[in-house]
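The sequence shown begins at 1 in our numbering and counts up by one.
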Amino acid sequence: MPHSRAADAPPAAVTSGPIPKHAQLRAILLADIGTTWPAHAAIPSERELTARYGVSRATVREALRQLIEEQKLYTVQGKGTFVAGERVQSQLHLASFTEDMRRRGLVATSLVQRAEVAVPPLEVRATLGLDEGESAWWVERLRLAGGIPMALERGWYSRRVAPDLGERDLSGSLYGVLADDYGVRIDTAEQTVWAETVDGPIAAALGVAPGAAVMVFRRSSRAGATPVEYVTSWYRGDRYQVHMGLTGS
């Protein structure tokens, strides 16, 4: 539940004048972010804001739209609008999600959506060095940081190196499982990053509105010369950013 204003502190007024009402309301709501409403707290509904400030629903929607566009707020479909927290910043390096979040003082957990054997597409088979018709483990996990959805991960894993992977506990570090249970330590990878918008199952899993922007990471990993992993991850654009150090050539 959002924090309420003190009983002796009436809401700031939205008045008629040269400054548009939606701009006034945006400024009022922005002042409440991080004070009245902490990170990831739900803010009042459109109806409540309309009544509280004596403005139209259109004014409220425009003020919220701007704050969402500025990534001060975010929406969760069917649940409401929430205060955005600081983004988790990551440097591009070879590490599991669990290790990455631990470095930032966050508790990482995973909800395993599926772990099944299937024949992967041609591109995946080629990357993993599989024969035509050869199957692999297909693992889908929702990755959370501090209990909040951060990424949806869909990965293919070679059965040649992890024959019974789906029978293992995959709620923690999958790289840890590969290393501890199979002696497979991923040491090299290639990764491509791009941005896209999502809807449907991916948006629902991440708890974002359809059309929300995400960062997509596609990684193929090896242990020595042995192909192990082909994984695609969709990271919430409002919760994650990447830091890169650059040097001149």
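The beta carbon of each residue, even a glycine, is placed where N, CA and C say it ideally should be.
Computed from a prediction, not measured in an experiment: that's the story for all the values here.
For residue i versus residue j, is the C-beta spacing smaller than 7 Å?
| i | j | result |
| --- | --- | --- |
| ALA115 | VAL83 | no |
| TYR157 | LEU170 | no |
| THR232 | ARG222 | no |
| VAL184 | VAL161 | yes |
| ILE43 | THR81 | yes |
If you reduce the DSSP assignment to three classes, tell me which class residue i lands in.
| i | result |
| --- | --- |
| THR127 | helix |
| GLN66 | helix |
| GLY17 | coil |
| PRO149 | strand |
| THR253 | There is simply no residue 253 to check, as the chain begins at 1 and stops at 249 in what is shown. |
| VAL295 | The structure shown does not extend to residue 295, since the chain is modelled only from 1 to 249, so the question has no answer here. |
| GLY211 | coil |
| GLY166 | helix |
What residue does the alpha helix (DSSP H) around residue i start on, and which one ends it?
| i | result |
| --- | --- |
| GLN24 | 21-32 |
| LEU49 | 46-53 |
| VAL177 | 174-182 |
Go through its chain and collect everything with a Cβ distance to residue i's Cβ below 8 Å, but skip five positions before and after it.
| i | result |
| --- | --- |
| LEU208 | The sequence given here places Val at residue 208; Leu does not occur at that position. Closer than 8 Å at Cβ, skipping near neighbours: TYR74, THR75, VAL76, GLN77, VAL198, VAL214, ARG236, ASP238. |
| LEU30 | LEU67, LYS72 |
| ALA204 | GLN77 |
Compare the C-alpha of residue i against each of the options and name the closest.
| i | options | result |
| --- | --- | --- |
| ARG52 | ARG218, ASP187, THR15, GLY147 | THR15 |
| ALA136 | GLU153, PRO120, MET150 | PRO120 |
Assuming residue i is part of the beta strand (DSSP E), what are its boundary residues?
| i | result |
| --- | --- |
| PRO201 | Looking at the DSSP string, PRO201 is not in any beta strand (DSSP E); the run it does join, the alpha helix (DSSP H), is 200-206. |
| ARG185 | It is not in any beta strand (DSSP E) - ARG185 carries neither H nor E in the DSSP assignment. |
| GLY80 | 80-83 |
| TRP37 | Where TRP37 is concerned, there is no enclosing beta strand (DSSP E), given that its DSSP letter is neither H nor E. |
| VAL231 | 226-236 |
| ALA115 | 108-118 |
Given residue i, which residues of its chain have a CB within under 7 Å of its CB, disregarding the five upstream and five downstream residues?
| i | result |
| --- | --- |
| ARG26 | ALA63, GLN66, LEU67 |
| TYR230 | VAL124, THR127, LEU128, GLY155, TRP156, SER220 |
Tell me which residues share the same chain as residue i and place their Cβ nearer than 6 Å to its Cβ, disregarding the 5 neighbours each side in the sequence.
| i | result |
| --- | --- |
| SER110 | ARG141, ARG143, SER171 |
| TRP194 | VAL216 |
| LEU94 | Because the pLDDT of LEU94 is 45, which lies under 50, any placement of that residue in the model is unreliable, and the number read from its coordinates should be weighed accordingly. Correct list, in chain order: ALA189. |
| VAL60 | GLU46, LEU49, THR50 |
| HIS22 | THR59, GLU62, ALA63 |
| ALA13 | none |
So is residue i in contact with chain D if we call contact Cβ pairs under 7 Å?
| i | result |
| --- | --- |
| ALA145 | Of the protein chains in the structure, only one exists, and it is not chain D. |
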